[in-house]
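Quick notes on the structure that follows.
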Amino acid sequence: MIDLRSDTVTKPTSAMRAAIASAEVGDDVYGEDPTVLELEAQAADLMGMEAALFVPSGTMGNQVAIACHTRPGQEVVVETASHVLNVEVAAMARFSGVLARAVAGEGGVFTADQLAGALRPDVYYLAPTGLVCLESTHNAAGGRVWPVGEMRDVVALAHERGIPVHLDGARILNAQVVTGTPVRELVAGLDSVMFCLSKGLGCPVGSLLCGSTPFIEEARRTRKAMGGGMRQAGVLAAAGLYALEHHVERLAEDHAHAELLASGLAEIPGVEVWPQETNIVVLELTGSLSAPELCRRLGNRDVLASPAAAGADQRRIRFVTHLDVSRSDVERTVDLVSEELRSTTE
């Protein structure tokens, strides 16, 4: 089976399993798990921030950050297609009592001028802006990297207005690898960053939320309130330590496979392929066949992919390369997509 639905489907390698099995553990709720503490220290250093907090998921990391940065009744500026707006089950409203204000970016990226238009004036009957939330790489935009210069302009404007900025950096290490820019430079100036271990890095569970020491102290309380306190979590953190040492630079392989996939699919009649930057490829069907139907046919031939858009007119499919996908898997996928589309037009 070739599984291209997401980079979350990766399975721990044998070496990662060995690291998990040999992990030194303690009670993390008491702050006594040495492996968790080491992972948090490495994550903070990697991002160039003072402290970090290990959380079970990227969604929890984002929502803890929103809760810590805002107060009920405020707005959070987000990009229209962002993960935090569309696929985190309205958690910012549930847990933090805040409302999302969406800005339609180009390829998942909005400008400082667009942000200026979304920030609320200081009028008592308007909900004040409490946070700006960015996403890089941008999942729904096909793995787009937010350009550093544009991000810094957005951060500067937000800070000028006294508004913090959080980055949903679930795949920010993909951005480091593709740009060649150290991640601490990519996230410089941000107030908090969340990045995932359970996507391209290949871990079974976990994300890190990074920020200042006072912010992380408050985030620890909020994580507990959301049910995210874990006990002997070193067995999970050990996978993260292994991944940070061994699985970051290899993300370049995933990008190369995605580039091969994008170029192959682009040669097929009836297909348009979005610009590809990292490990996500979005295919748009231009003929009569729907994305769910093509995904069903591919699944019958042992290739798994997911429709990338909801609604009646589903034409997009998302493919995600990862450490369990080989070059031959990509080549076979291109061949099968071509065969299925050719059989539809004959």
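Basically the working numbering = 1-based index in the sequence shown + 1.
Where a beta carbon is used, it is the ideal one built from N, C-alpha and C, also for glycine.
Item                                                                                                                            : Value
Of the listed residues G108, A220, T214, I21, nearest to I67 (C-alpha basis)                                                    : A220
Contacts around P293, its chain only, beta-carbon distance under 7 Å, and the 5 residues preceding and following it disregarded : P308, Q315
Secondary structure of H256, DSSP reduced to three states                                                                       : helix
Through-space distance from C211 to M2, alpha-carbon basis                                                                      : 36 Å
Beta-ladder partner(s) of I318, from DSSP                                                                                       : L284, P308
Close-in-space but distant-in-sequence residues of the same chain around V155 (CB under 8 Å, 5 per side omitted)                : F111, T112, A113, L116, V133, L135, V166
Under the three-state DSSP convention, the category M231 falls into                                                             : coil
Residue burial classification, N301 (beta-carbon count within 10 angstroms, cutoff 16)                                          : exposed
Which residues DSSP lists as bridging E273, in chain order                                                                      : E285
Burial state of E41 (16 or more Cβ within 10 Å)                                                                                 : buried
Residue interval of the beta strand (DSSP E) (run including T130)                                                               : 130-136
Segments of 4+ residues assigned as alpha helix (DSSP H) that fall wholly inside the stretch 12-96                              : 15-22, 35-48, 59-70, 84-87
Selected residue, minimal CA-CA separation from F320, among T182, D255, P270                                                    : D255
Three-pair Cβ contact test at 8 Å for the stretch 20-32 versus the stretch 175-189                                              : no
Proximity winner among F196, A44, H248, L242, relative to L202 (alpha-carbon distances)                                         : H248
Three or more C-beta pairs below 8 Å linking the stretch 47-60 and the stretch 269-289                                          : no
Bounding residues of the beta strand (DSSP E) (the contiguous stretch that carries D169)                                        : 166-169
Whether D169 touches V85 by CB criterion (7 Å)                                                                                  : yes
Residue nearest to F196 in terms of C-alpha spacing, selected from T334, E76, L245, A239                                        : L245
Where G106 sits in the DSSP three-state scheme                                                                                  : coil
Rounded C-alpha distance that separates D150 from E341                                                                          : Looking at the sequence itself, residue 150 is Gly, so the reference to Asp does not match. Going from the Cα of G150 to the Cα of E341 covers about 42 Å.
R222 classed as buried or exposed, judged by whether at least 16 other C-beta atoms fall within 10 angstroms                    : exposed
Under the three-state DSSP convention, the category D4 falls into                                                               : strand
Three-way DSSP call (helix, strand, coil) for V10 in this model                                                                 : helix
Cβ distance (whole Å) where Q75 is taken to contact P122 below 8 Å                                                              : No, Q75 and P122 are not in contact; Cβ-Cβ is about 14 Å, not under 8 Å.
Residue range of the alpha helix (DSSP H) that includes F216                                                                    : 214-226
Contacting residues, own chain, Cβ-Cβ under 6 Å from G271 (five flanking each side not counted)                                 : T287, G288, L342
Nearest-angstrom Cβ-Cβ length linking V304 and L5, presumed shorter than 8 Å                                                    : 7 Å
Simplified DSSP assignment, three categories, for H160                                                                          : helix
Distance, L120 Cα to M17 Cα                                                                                                     : 45 Å
CB-CB length for D29 against A157, believed under 8 Å                                                                           : Actually they are not in contact, since the Cβ atoms of D29 and A157 sit about 36 Å apart, beyond 8 Å.
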